[in-house]
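Novice:
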Ligand code: BEZ
């Protein structure tokens with residue numbers, strides 16, 4: 027795989043990369059857990075009523091499954107510029123080893139992570155509170171509940187189990203449809 031760079035998707039990039047790629051492979055990164063801890067005021071919420079999207083938090087024993095995309099070296103700069111613009115709400119790039127099953131990494135992937143010190147970061151909260159927030163929030167890219175459903179469906183399609191995501195999906199489903207205002211109901 028010469029003259030290629032790899033981009034890792036663990037959130038919306040799984041179902042919506044938005045750029046041309048030469049191959050796609052399921053695999054994981056080590057030491058990071060996927061969590062709905064990042065606030066979204068530009069995609070799945072609005073200022074004053076943020077939604078929540080996934081970021082990664084460091085956790086020694088964790089693995090985070092997702093997909094790696096191969097992009098040509100020639101297109102890398104434009105792909106990164108596109109993703110920097112799309113994920114400008116607190117996300118920054120990091121490069122880390124990617125595993126596709128073998129114990130040795132198959133290469134390094136570029137990963138977008140929103141760290142705990144960015145202004146949109148919301149951090150941990152009880153699952154029931156995160157579920158209520160996701161149920162109500164909506165933004166320019168659509169409802170926060172749709173984001174959660176698409177993520178859960180995409181993980182199932184990859185054969186990946188993620189307790190945090192699936193428990194949120196269960197709780198949001200149990201709450202039923204939102205009234206669509208983006209505001210908590212009284
Ligand atoms: C992803 O799908 O990997 C992703 C998540 C958050 C921001 C950018 C990309």
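Numbering (the working numbering), first residue to last: 27 to 212. Every residue, glycine too, gets a C-beta built ideally from N, C-alpha and C. Keep in mind the model is a prediction, meaning the values are calculated, not measured.
So, under 8 Å CB-CB, residue 76 and residue 148 are touching, yes? Tell me the CB distance rounded to an integer number of Å.
Specialist: 7 Å between Cβ atoms; contact.
Novice: Below 8 Å, can you find three or more Cβ-Cβ pairs linking the stretch 173-191 to the stretch 139-147?
Specialist: Not touching, per the Cβ criterion.
Novice: Could you tell me which residues DSSP puts in a beta bridge with residue 118?
Specialist: Beta-bridge pairing links residue 118 to 139.
Novice: How far does the beta strand (DSSP E) with residue 98 in it reach, from first residue to last?
Specialist: Residue 98 -> beta strand (DSSP E) spans 77-98.
Novice: Would you check if the distance between the CB atom of residue 138 and the CB atom of residue 117 is smaller than 8 Å?
Specialist: Yes, these two residues count as a Cβ contact at 8 Å.
Novice: Give me, in chain order, the residues of the same chain whose beta-carbon lies closer than 7 Å to that of residue 197; leave out the 5 immediate sequence neighbours on both sides.
Specialist: Excluding sequence neighbours, residue 197 sits near 153, 154, 157.
Novice: What separation, rounded to the nearest whole angstrom, lies between the Cα atoms of residue 111 and residue 67?
Specialist: Residue 111 and residue 67: Cα-Cα distance of roughly 14 Å.
Novice: Taking 8 Å as the cut-off, does the stretch 87-100 touch the stretch 165-172 (at least 3 CB pairs, one atom from each stretch)?
Specialist: Contact between the stretch 165-172 and the stretch 87-100 is absent, because fewer than three Cβ pairs lie under 8 Å.
Novice: What is the rounded straight-line gap between the Cα of residue 212 and the Cα of residue 195?
Specialist: Reliability of the predicted coordinates at residue 212 is poor, the pLDDT of 46 falling under 50, and the value obtained from them is presented with this limitation in mind. When rounded, the distance between both Cα atoms is 22 Å.
Novice: Is residue 215 near the ligand BEZ, going by C-beta to nearest heavy atom under 7 Å?
Specialist: The question about residue 215 has no answer here: the residues shown for the chain are numbered 27 through 212.
Novice: Under three-state DSSP, which class holds residue 192?
Specialist: If DSSP states are grouped into helix, strand and coil, residue 192 belongs with the helices.
Novice: Please classify residue 212: does DSSP put it in a helix, a strand, or coil?
Specialist: Because the pLDDT of residue 212 is 46, which lies under 50, any placement of that residue in the model is unreliable, and the number read from its coordinates should be weighed accordingly. It is coil, neither helix nor strand.
Novice: Can you have a look at residue 103 and say buried or exposed, based on whether 16 or more other CB atoms are within 10 angstroms of its CB?
Specialist: Exposed: under 16 other Cβ atoms inside 10 Å.
Novice: Taking its Cβ as the centre, do 16 or more other Cβ atoms sit within 10 Å of residue 114, making it buried, or is it exposed?
Specialist: Residue 114 comes out exposed.
Novice: Rounded C-beta distance between residue 32 and residue 108? I'm assuming under 8 Å.
Specialist: Actually they do not touch by this definition, with Cβ atoms about 16 Å apart.
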